[in-house]
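Protein chains in written order, with the numbering used here: chain A, 2 to 106; chain B, 135 to 686; chain C, 5 to 307; chain D, 77 to 312.
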Amino acid sequence: MERLELELPSARSAAAGGAPVVVGVVASGNLEVLVERGGTPDRCRFEVSTSVHGFGAVWRAVLEDFAARRAVAGLAFSVNDAGATPAVVTLRLEQAAEEFLGAER
Amino acid sequence: MSTERGRVWDGARRDRRERLERARAVAPERWVEAGRVTALLEAILRPGDRVCLEGDNQKQADALARALARADPARVHDLHLLASVLALPEHVELFERGIARRLDFSFSGPQGLRLAQLVAARRIEIGAIHTYLELYARYFVDLTPRVALVAALEADAEGNLYTGPNTEETPTLVEATAFKDGLVVAQVDRRVERVPRVDVPAGWVDFLTVAPTPSAIEPLFTRDPAMIGEIQILMAMMVVKGIYAEYGVRSLNHGIGFDSAAIELVLPTYAAELGLAGRICEHWAVNPHPTLIPAVESGFVRSVHAFGSELGMEAYVAARPDVFFTGRDGSLRSNRALAQTAGLYACDLFIGSTLQIDLAGNSSTATTSRITGFGGAPNMGSDARGRRHATEAWLRAGREGPPGPGAMPRGRKLVVQLLETFREHMEPAFVERLDAWTVAEKLGWALPPVMIYGDDVTHVVTEEGIANLLLCRTEEERADAIRGVAGYTPVGLSRSRRAVENLRDRGIVRRPADLGIDPRAATRDLLAARSVKDLVRWSGGLYDPPARFRRW
Amino acid sequence: MSPPGPPVPRRSYREASARRRLLGVLDPGSFEERLGPAERATSPHLAALGQPVAFDDGVAVGAGALGGRRVLAASQEGAFLGGGVGEVHGAKLAGLLAAALRERPEAVLLLLDTGGVRLQEANAGLVAVSEVMRGVLAARAEGIPVVALVGGGWGCFGGMGIVARCCDAVAMSEEGRLGLSGPDVIEETKGVEELDASDRGLVWRTYGGKHRYLLGEADRLVDDDLDAFRAAAIALAGARRPVDLATLSREHHVLAARLAAHGAAADAAAIWTALGVADPDALALLDADEFLRDVAGTRREAR
Amino acid sequence: MTLPELLDDLFPAGHAVRREGDVLAGTGRAARGEVAVVGTADGAEIGVEAALALAGEVLRVVREAPGRPVLALVDTAGQRMSRRDELLGLNGYLGHLAACVELARRAGHRVIALVTGQAVSAGALALGFVADEVHALEGARVAVMSLPAMARVTKIPLERLEALSRGSPVLAPGLESYVRLGAIASVWRAPLAAALEAALARPAGPDARAALGAERGGRTLAREVARRVGGGTDAG
């Protein structure tokens, strides 16, 4: 397993509080994303654990784009990955953010 | 009669008579017992002969292939084998045993690995790897077979052949051989009193044999909807909204794969919601894909002409003669040569997947370890320069493309490459240099094996969006547009954000959001059928899937 | 035989994740998870093997309401390592059943989707399955109905296949499969002649919901639909299968009769025919309602 | 140890255990009275017939000999793997067997299991591992499957599994692992009659295996996880 931890700037997320949310499953070519409160008011935190080695730069690029696109500061994303493609990673992150922030409204 | 000023004008005919004479000792009748077929082939073949061994996508002259592979290499050797699809181990055995030496073919599929090994060991000389239409064409020009070994479903006592739903290329092969004084040997599954329809007349066939086991047919064009993922559905939505609706694509061909199956399955849902029924996807050159059933049933599909059939679709096709081409007996009439022609000349769009694509849009399925060949995609995935009839889609594509000499108005075929940026195991699909170059260098070929040439490709669709290459005016723009949809592959990551934003403004790169598509809406709920059983239900119980696709 | 035209749009139970299944079966908004993913009770044994872990170790457990009744519930994620029972996963199930004895809910729901023991931590898994088995039997014996739902992609096999049959009631979809030794295991161990695992028709005729229902191994057959499973769970939550001599003697008699009647049957179709099903081949494509209408009367003999 | 030797050791005062196929049934005379004996021998593969016969024996004891303790002798190579057994619902037959054992327990019968040979996978579950207490003879072989088979199924290299199983009772097949996991309460040594007497003398309690596994360091998480899910103070 390869581990990756990142803190990235992002716009402030909509609301505070909220129960943790998990989206996706750990299955070949898929991943699970756990969203909780965490990080600082202007940054979001990512913890990735992946079964595929050597793609740190790709993860960083995917997460940077996500953090820049969505207002997710103050959130922590934990990922268990079993070889998902960037497309699937992006989709799960979006779904997770939506579910977490949507659930707060 | 035969000579004029000493020159022989009917050498092939005389040769044919000699061969038939030799055969008489082995096979006094047209019908030959299975156990005597090898002896027959030894009698009618001469070393170095060009022999066409029928091997289609579905149907294989497998009994004849086995019989030939058992021939005595001292009598039968150095044959020049012609075959569309090299699928059977026996095909490769012919070369391993020295029975055949040279090969002209189109597609090798499961034997790709052994083929590559034989080429490396110099046990096989490859003339060329063709596209289907190209190979058929050469049968009538410089590769006319001396002997054709073909497969049919049934024959009557006289020798009339019935090919059933998988006619595929039998008429083409027999035509090329029989009318140039060649010999035609046919294997059939059954000898019957009366064939339901005559696909090849008895007069064009010399010998017949009943195959010990029916010719095996694989369900190659069946895709289980259960295996379609969200990303494929997202891409399907983009294709429907950003290309089919945009251009008004009425006639088309779909390559086989889960990507295109996803498109077929969102027609009755997503496309219908967009009000596209009756406006897109009416006429198809395509095999009867089971995943097409919901689109047929919901009124999208008006006609289908097929290269070959598909296992389990027999009763469904027979019950929908207004849609499918069928014989009087009710079974599908397929014809690969004609369906390929239809796909090339009469379809506005081809869409298919690939393994690798470069920054010029050239795509290839070649890898360094196997020789797989082409099949039919290049014929349909190329602009038909001989086309003259106009349709809305064709004209619009032509208008978008760069102007030709003298600004002459002209249409273009839409050729769409549909692929995820990464394949399995995080293999990038976008590359600076195709593996095809390495293959060509290694094997000393003049041409890298390219499936679809970049200058024929009009759109590249990935989960990142659509790149419209028609609108690009320079090589750099094309490369930037392709990088723009190449995602997080090394090729994609090296893009200039500004260049891509610029292309987005011009509509050359379109993201899902630009098309009004929310990726989170791409769920399996959009599939008109989520399982094979759903397909059976759509068909009213007419579709009869093979056991391996059932969960009941 | 099948209804013409498009299939009725449904929320597939089989395609839903373990958590979605639970949320779909229980009353909306009622599920309170225990030891949820944020607690990160993951498997150290998988980590030691360098394999990906899941934050909930592949099973969600907790309390909720079902048709207004208070229940405890668990849902296995078949997509994560085949729903395999490891140390943590198994302890969550065993702990839930132990809690049932203390909390006395009106029922316990087990949404099973599992190949059985997780081989990466096989010994702990086997022991945990036996603890779950004892827990189920204890709850059942104490009058707390335990209901198993089987309709996930993995089905329910291995020791958990026995657990399912220790429950008060089982609801299945045709797509769900229930058995002990799965088709792949049998093919791998005994050879393809014994069971061709790639023959999916054979596999589903042997293990699938319709056969299990006709055999009397499943109490309800439902369509692959979340609402249908919810309705079945509500209906079965009051079902009692007491652990007493009269009940078990009767069941013993039924099982003995089954062996006597069908012990020599070559395949499922032969059993169905013997049970009085007129056209076994036609059963496959019927949806649950049609199927139940068609076989009404035949199954009583099976029980 | 042969079966007659084993029975002589367990019941020096006498026994009457008959064997039909692989299934054992009968009685033995212990110091405190008659003990019912059920079980399998010679690493039997348990199919529908054996499962039904075992359940029938347990039911008979409950019906005819109220309160009589039950000794389950476990020697099974696992469930019988066949299309026929699955077709007939072997899991249902074994579920029935387990329910019969539960019935015996509820009806006041002590149920002690003794692994005499092999205890493999699901074969061991429905009779042995649902007993009040599970013990084993020295040399008993307890496992889910062999490491090479495990390597094939999980696609984890055998060397890796072997290396990891060395320190890990969770992974390594064998009696010692199951003792540490708390699944096997103890290993019985001669005189077996004394061990049996001691077991029969202990009062039946709730399933204590998770606690035992934690004490012995074989299962470091199970008890705590179960406690956190159950909200109680123990997993029992």
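Just so you know, even glycine gets a beta-carbon here, dropped at the ideal spot from N, CA and C.
Residues bridged to residue i (per DSSP)
{"i": "Q80(C)", "result": "V63(C)"}
{"i": "G509(B)", "result": "T265(B)"}
{"i": "Q194(B)", "result": "G189(B)"}
{"i": "L149(D)", "result": "G115(D), L190(D)"}
{"i": "V82(A)", "result": "Note that residue 82(A) corresponds to Asp in the displayed sequence, not to Val. Beta-bridge pairing links D82(A) to L32(A), T51(A)."}
{"i": "Q96(A)", "result": "Answer by DSSP bridge pairing: none, since Q96(A) is not bridged."}
{"i": "L7(A)", "result": "F47(A)"}
{"i": "S437(B)", "result": "H417(B)"}
{"i": "Q155(D)", "result": "I122(D)"}
{"i": "P387(B)", "result": "The sequence shown places Asn at residue 387(B), not Pro. BP columns for N387(B) point to F484(B)."}
Rounded C-alpha distance that separates residue i from residue j
{"i": "Y211(C)", "j": "V121(C)", "result": "18 Å"}
{"i": "D482(B)", "j": "A452(B)", "result": "27 Å"}
{"i": "M361(B)", "j": "G66(C)", "result": "31 Å"}
{"i": "G222(B)", "j": "E99(A)", "result": "Inspection of the sequence shows that residue 222(B) is occupied by Leu rather than by Gly. If I take the Cα positions, the gap works out to 51 Å."}
{"i": "G599(B)", "j": "R38(A)", "result": "32 Å"}
{"i": "P233(D)", "j": "A227(D)", "result": "6 Å"}
{"i": "R108(D)", "j": "L179(D)", "result": "22 Å"}
{"i": "A146(B)", "j": "L342(B)", "result": "22 Å"}
{"i": "G97(D)", "j": "T118(C)", "result": "33 Å"}
{"i": "R108(C)", "j": "T296(D)", "result": "28 Å"}
{"i": "E609(B)", "j": "I616(B)", "result": "11 Å"}
{"i": "L279(C)", "j": "G412(B)", "result": "49 Å"}
{"i": "G464(B)", "j": "P428(B)", "result": "21 Å"}
{"i": "A280(D)", "j": "V134(D)", "result": "18 Å"}
{"i": "K576(B)", "j": "G54(C)", "result": "39 Å"}
{"i": "M4(C)", "j": "G171(D)", "result": "With chain C represented from 5 up to 307, any question about residue 4(C) goes unanswered, as that position is not in the structure."}
{"i": "S487(B)", "j": "A524(B)", "result": "27 Å"}
{"i": "A175(D)", "j": "R684(B)", "result": "35 Å"}
{"i": "G267(C)", "j": "R160(D)", "result": "8 Å"}
{"i": "G246(B)", "j": "V210(D)", "result": "57 Å"}
Pair within 7 Å by beta-carbon distance, residue i and residue j
{"i": "N167(D)", "j": "G183(C)", "result": "yes"}
{"i": "A405(B)", "j": "V374(B)", "result": "yes"}
{"i": "M369(B)", "j": "V595(B)", "result": "yes"}
{"i": "A128(C)", "j": "E91(C)", "result": "yes"}
{"i": "S349(B)", "j": "A285(B)", "result": "yes"}
{"i": "L649(B)", "j": "G409(B)", "result": "no"}
{"i": "V171(B)", "j": "A201(B)", "result": "yes"}
{"i": "I238(C)", "j": "L70(C)", "result": "yes"}
Nonlocal neighbours in the same chain, by C-beta distance under 6 Å from residue i, ignoring five residues either side
{"i": "D223(C)", "result": "A173, V174"}
{"i": "A273(C)", "result": "P284"}
{"i": "R256(D)", "result": "P245, R292, G294"}
{"i": "A288(D)", "result": "In the sequence as presented, Ala is not what sits at residue 288(D); that position holds Leu. If we look at L288(D) and ignore the five residues flanking it on each side, its Cβ neighbours are G258."}
{"i": "L230(C)", "result": "R15, Y17, G28"}
{"i": "I397(B)", "result": "A370, V373"}
{"i": "P582(B)", "result": "A570, W571, A574"}
Cβ neighbours of residue i in the same chain (closer than 8 Å, five flanking residues each side left out)
{"i": "V218(D)", "result": "V191, Q194, A195, V196, A200, A212, P249, G250, L251, S253, Y254, A259, I260"}
{"i": "V332(B)", "result": "N294, L295, Y296"}
{"i": "P359(B)", "result": "A395, L399, T425, L661, A663, R664, S665, V666, D668, L669"}
{"i": "R325(B)", "result": "W165, E288, A289, D290, A291, L342, V344"}
7 Å Cβ shell around residue i - same chain, five flanking residues per side excluded
{"i": "S29(A)", "result": "A83, G84"}
{"i": "G509(B)", "result": "S240, F241, Y266"}
{"i": "E635(B)", "result": "none"}
Contact list for the stretch 603-632 of chain B against chain F, Cβ threshold 8 Å: Given the protein chain composition of this structure (A, B, C and D), no chain F is represented.
Could you tell me which uninterrupted beta strand (DSSP E) segments, each at least 3 residues in length, are contained entirely in the stretch 210-259 of chain B, listed from first to last along the chain? 213-219, 234-241
Whole alpha helix (DSSP H) elements within the stretch 244-295 of chain D, 4-residue minimum: 251-256, 268-277, 285-291
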